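One structure is given here, and the rest of the page talks about it.
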Amino acid sequence: MLDLLKAPVLTFQEFIGLSARAVSGVVRKPYYWDDVFVQMDLIGVGSLPVVILTGFFSGAVMALQMSRALQTYGATSQVGQIVAITLVREMGPVLTALMVAGRNSSGMASELGSMKVTEQIDAMRALGTDPVMKLVKPRLIATAFVLPLLTVLADFLGLVGGWMVACKMLGLTTGSQYWNTAWRALEYNDIAQGLLKPFVFAIVLSLVGCFYGMRASGGTQGVGRATTQAVVVASVWVVVLTFVIGRVFVSM
Amino acid sequence: MSGEPHPSILSFDDVTFGFEDEPVLRNVTFSLHRGETLIVHGAAGSGKTVLLKIALGLLRPSRGTVRVFGRDVTALHERDWFDVRSHIGVLFQEGGLFDSLSIEDNVAYPLLNQPRLAAPQAEVDLRVRRSLEFVELGHTLDKLPSELSGGMRRRVGIARAIVTEPELMLYDSPTAGLDPITANTIMALILKGRDVRRASTMIVTHRHQDGEILERYRYDEASAALRPAGTNGSPSFTRYMVLDQGRIAFIGSPVEFDSCADPLVARFASR
Ligand SMILES: Nc1ncnc2c1ncn2[C@@H]1O[C@H](COP(=O)(O)OP(=O)(O)OP(=O)(O)O)[C@@H](O)[C@H]1O
Ligand SMILES: [Mg+2]
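Line by line, the protein sequences give chains A and B. Sequential numbering from 1 applies to the first sequence in this note's numbering. Sequential numbering from 1 applies to the second sequence in this note's numbering.
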């Protein structure tokens, strides 16, 4: 039993070690801003199409599924409120984070993993750079900056998707009522939650991706393994953390 | 860096290392003196790469003491390793060239990133060019590593290792996977790097010919050619080491190496 637990506990310990070095490195020199901008472009601009599509359709689907229930209670005018709250609190942050985990955590794991197995990470250390500063920190900063923005975009497009279904397709309510209820439903608490979540997810997504990349071993096969592990672990963390953060906010 | 006649550049004292309880190096003790060449042989998986990585501080020994340039580096903090490493040139077994950077940027990397070696851009450019010309690749500046052949990539690796003019050179299997002619070209470059700058050299190799070249030839600057060693009065300081499953099975002079009766050692000698 103890032996079974030893490996995951050791891995988690290593992960905390890397995270501590990367996070404390954020306030220390050197900064490689070129790498930060490259990563922002890769994560932010690169994820736009998938975030636009998932955001739009998640809002549309929600309005569609809610329409029956709301009709039963004669509360179809409330559709804007329901879409807004679920999107901003939960669906927007989580779906965006899962998309970015699939695209970028995996990308980081495979890029850093190939660098590891071809001894490029060793070469970095041998030639005067700290890989945590040069590779992990720029990815961490870029993701933490870009993921909240992507989430806001997904939230907005989700509302547009909900509006298309609720007002244009099903005619549940008028456009002005939809936007009105949606807007008034949102409290500071929701906005705070909706922005804190992507920020926390971003830290976890980038660190998990980098961590599995940097501990890859065993040639190209090892890189493949690292990539899969990174996506799985990052996604699980996202759904666990959304519950934890949600719990904290609900009790507030 | 002390004033002894043959100060030890690198020394291992009873070094043991393992990955997760599995020993890879056991009680390794040796030292490399200034100007000396140490040729390391050993079967695949015997711990040769691990030995070099410990010397560079990329891996930490679980027991024993490592000294580099006379300084005890066993418990050195990563921050302080960077200065030590800036005096060491290394060619990795897998190359370790940054595949997102051009050849020029690869070779300039240590000059731009080692604080000790900070220099104006013009000087960096000059040294990079000189280093690439040394390995006869002056025309490839803007190419990416993926656009070069295996032998050319090895040469870029050498150019990057020597651009900082290090006192200690570590080569991990520089000729592995190359055809004999290219392999000899690489060896000639390594010899040239050793003899022009009198760097201490540790080289891991699978080919006994590599050892012979290092042992028997010198690079003569005047004629820009390889000459048999000893003809101009300079003896070669060459020793051989054979690793077997993480232990030193043999370490000694070329004569002892050639006459060693141990079948394990004899396998690597040229008989
Ligand atoms: N990252 C690692 N994790 C676990 N074990 C490792 C790791 N790197 C090397 N080893 C093990 O350490 C031992 C020595 O490896 P090393 O790379 O030093 O061999 P080598 O002598 O350089 O072999 P080769 O001639 O094939 O390059 C091998 O048994 C290898 O399996
Ligand atoms: Mg090796």
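Note that the Cβ used here is the ideal one computed from N, Cα and C, for glycine as well. Since we're looking at a predicted model, the values are computed, not measured.
Run down chain B in chain order and give the residues with a C-beta less than 8 Å from the C-beta of residue i.
i	result
A:LEU127	ARG85, TYR109, PRO110, ASN113, GLN114 and ARG160
A:ALA216	By Cβ distance, chain B contributes nothing, its closest Cβ being about 13 Å from A:ALA216, past 8 Å.
Quick one: list the residues of chain B neighbouring residue i, beta-carbon separation under 7 Å, in chain order.
i	result
A:GLN120	GLY96 and PHE98
So is residue i buried or exposed if we call it buried at 16+ other beta carbons inside 10 Å?
i	result
A:LEU290	Missing from the structure shown is residue 290 of chain A; chain A here goes from 1 to 252 and no further.
B:PHE92	buried
A:ALA142	buried
A:GLN71	exposed
A:ARG184	exposed
A:GLN229	buried
B:PHE98	buried
B:SER146	exposed
B:ALA118	exposed
A:ALA258	An answer regarding residue 258 of chain A cannot be provided, because it is not within the stretch 1 to 252 covered by chain A.
B:GLU215	buried
A:ILE16	exposed
Identify the contact partners of residue i in chain A, using a Cβ-Cβ distance below 9 Å as the criterion.
i	result
B:PHE69	The premise fails here: B:PHE69 is roughly 16 Å from chain A at the closest Cβ pair, so nothing lies under 9 Å.
B:GLN93	GLU119
Could you check what DSSP says for residue i in three-state terms: helix, strand or coil?
i	result
A:MET1	coil
A:LEU207	helix
B:PRO228	strand
B:HIS208	helix
B:THR65	strand
B:ARG85	helix
B:SER223	coil
B:LEU243	strand
A:SER110	helix
B:GLU36	coil
B:MET202	strand
B:PRO180	helix
A:PHE145	helix
B:GLY45	coil
B:LEU137	coil
B:PHE257	helix
B:PRO263	helix
B:MET169	strand
What residues from chain A crowd round residue i, counting only those whose CB sits closer than 7 Å?
i	result
B:VAL90	ALA126
B:PHE82	GLY128
B:LYS280	Because chain B in this structure spans residues 1 to 271, residue 280 of chain B falls outside the shown range and cannot be described.
B:LEU56	ALA126
Should residue i be counted as a contact of ligand 2 given a C-beta to heavy atom distance under 8 Å?
i	result
B:ASP210	no
B:ASP172	yes
B:GLN93	yes
B:VAL204	yes
How about residue i: is its Cβ closer than 8 Å to a heavy atom in ligand 1?
i	result
B:GLU20	yes
B:ALA43	yes
A:THR118	no
B:THR16	no
B:THR49	yes
B:SER246	The sequence given here places Gly at residue 246 of chain B; Ser does not occur at that position. At least one heavy atom of ligand 1 is nearer than 8 Å to the Cβ of B:GLY246, so yes.
B:GLY24	According to the sequence displayed, residue 24 of chain B carries Val and not Gly. For ligand 1, at least one heavy atom lies less than 8 Å from the Cβ of B:VAL24.
A:LEU207	no
B:SER46	yes
B:SER86	no
A:SER217	yes
A:LEU135	no
B:LEU97	no
B:LEU243	yes
Output, in chain order, the set of chain A residues within a Cβ distance shorter than 8 Å of residue i.
i	result
B:LYS143	Within chain A, no residue comes near B:LYS143; the closest Cβ sits about 17 Å away, beyond 8 Å.
B:GLU148	The identity of residue 148 of chain B in the sequence shown is Leu, whereas the question assumes Glu. Neighbours of B:LEU148 on chain A: none; closest Cβ ~14 Å, over 8 Å.
B:LYS53	ASP122
Is the closest heavy atom of ligand 4 to the C-beta of residue i under 8 Å?
i	result
A:ALA154	This structure lacks ligand 4; its bound ligands are ligand 1 and ligand 2.
**Stretch-stretch touch, CB-based, cutoff 8 Å, three pairs: the segment 118–133 of chain B with the segment 160–168 of chain B** = yes
**Request:** State whether the segment 26–33 of chain B contacts the segment 142–157 of chain B, with contact taken as three or more CB pairs (one from each stretch) at a distance under 8 Å.
**Result:** no
**Request:** Answer yes if the segment 77–97 of chain B comes into contact with the segment 117–127 of chain A, meaning at least three C-beta pairs across the two stretches below 8 Å, and no otherwise.
**Result:** yes
**Asked** Is the segment 54–61 of chain A close to the segment 112–120 of chain A, with three or more CB pairs under 8 Å?
**Response** no
**Prompt:** With a cut-off of 8 Å, do at least 3 Cβ pairs link the segment 102–117 of chain B to the segment 64–73 of chain B?
**Reply:** no
**Request:** Kindly confirm or deny that the segment 212–223 of chain A and the segment 184–192 of chain A touch, where touching means at least three C-beta pairs closer than 8 Å.
**Result:** no
**Touch test, the segment 243–256 of chain B against the segment 42–61 of chain B, Cβ-Cβ under 8 Å, three pairs minimum** = yes
**Item:** Given 8 Å, three or more beta-carbon pairs between the segment 130–144 of chain A and the segment 78–91 of chain A
**Value:** no
**Item:** Segment contact flag, the segment 169–176 of chain A with the segment 218–227 of chain A, C-beta cutoff 8 Å, min 3 pairs
**Value:** no
**Asked** Is it a yes or a no for the segment 19–27 of chain B touching the segment 187–196 of chain B, going by three-plus beta-carbon pairs under 8 Å?
**Response** no
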